[in-house]
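Contents: one structure, followed by commentary.
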Amino acid sequence: MAKVLISYFSKSGHTKKMAEYIKEGLDSLGDVDVDFKKVQDTTMKDLRSADGIIIGSPTYFGVMATEVKHLMDKSIQCYGKLVGKVGGAFTSSGMIGGGNETTIMSILQGLLIHGMIVQGVHNGNHYGPVSVGAPDKEVRDECVQYGKMIGELVKKLG
Ligand SMILES: Cc1cc2nc3c(=O)[nH]c(=O)nc-3n(C[C@H](O)[C@H](O)[C@H](O)COP(=O)(O)O)c2cc1C
């Protein structure tokens, strides 16, 4: 069965809630195994064994949080081993113009450098789900849709 890793960092719970909603979308497919981890608990084996990797971070000064960058930097140990896997990213920020897009792009840059395949979004936040503050119903729906979309792509490439 295809496997998708959701790896997130969250201090006050907003990004974690988004991660749970994305998992809900993946679970709804019924045939995708989901590995749900904090970035601090994510191992190189987790990265290597997943067919898709979705990373979530709060927006900290317009980029990913240190804890997420730490995982990204550590992932050099997997360099060349993540090529062709599906990648995705999401974030929670304090303000609408607080750097949420640049945060998602900072994560996606890392995934692209690994040679991963990134799915854009035509009918929502284009680079990946964004929540300004606590996720509301609209964000929830977007996260569920994103989970489904990534899961479908992973299966298609499987
Ligand atoms: C160190 C730090 C830096 C932050 N920098 C930004 C920022 O640049 N732009 C912004 O909109 N929000 C910023 N915030 C607010 C968080 O992104 C926001 O509260 C987010 O929802 C927290 O996610 P969490 O509940 O998953 O921890 C910052 C918060 C902290 C603690």
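One rule links them: number in this note's numbering = place in the sequence shown (from 1) + 1.
For every residue, glycine included, the Cβ atom is placed at its ideal position computed from N, Cα and C.
As the structure is a prediction and not an experimental result, all values here were calculated from the model.
query = Would you say V145 and T104 are within 7 Å of each other, going by their C-beta atoms?
reply = no
Between K198 and ligand 1, is there a pair consisting of the residue's CB and a ligand heavy atom that are separated by less than 6 Å? A question about residue 198 goes unanswered here, because the residues of the chain that appear run from 2 up to 159.
Review point. Any idea what DSSP makes of V119, helix, strand or coil?
Key: strand
Handout entry: Cβ-Cβ separation, G129 to G89 (assumed contact under 8 Å), whole Å
Key = 6 Å
Unbroken alpha helix (DSSP H) run spanning S76, endpoints:
From DSSP, S76 is part of no alpha helix (DSSP H); its letter is neither H nor E.
ask   = Considering V155, what are the terminal residues of the beta strand (DSSP E) in which it resides?
value = Per DSSP, V155 belongs to no beta strand (DSSP E); it is in the alpha helix (DSSP H), K138 to L158.
Practice task
Would you tell me roughly how many angstroms separate the C-alpha atoms of I55 and I97, rounded to the nearest one?
Solution key: 22 Å
Q.
Quick test of your reading: G85 and I114, contact by CB under 8 Å. State the CB separation rounded to the nearest angstrom.
A. With a Cβ gap of about 14 Å, G85 and I114 do not count as contacting.
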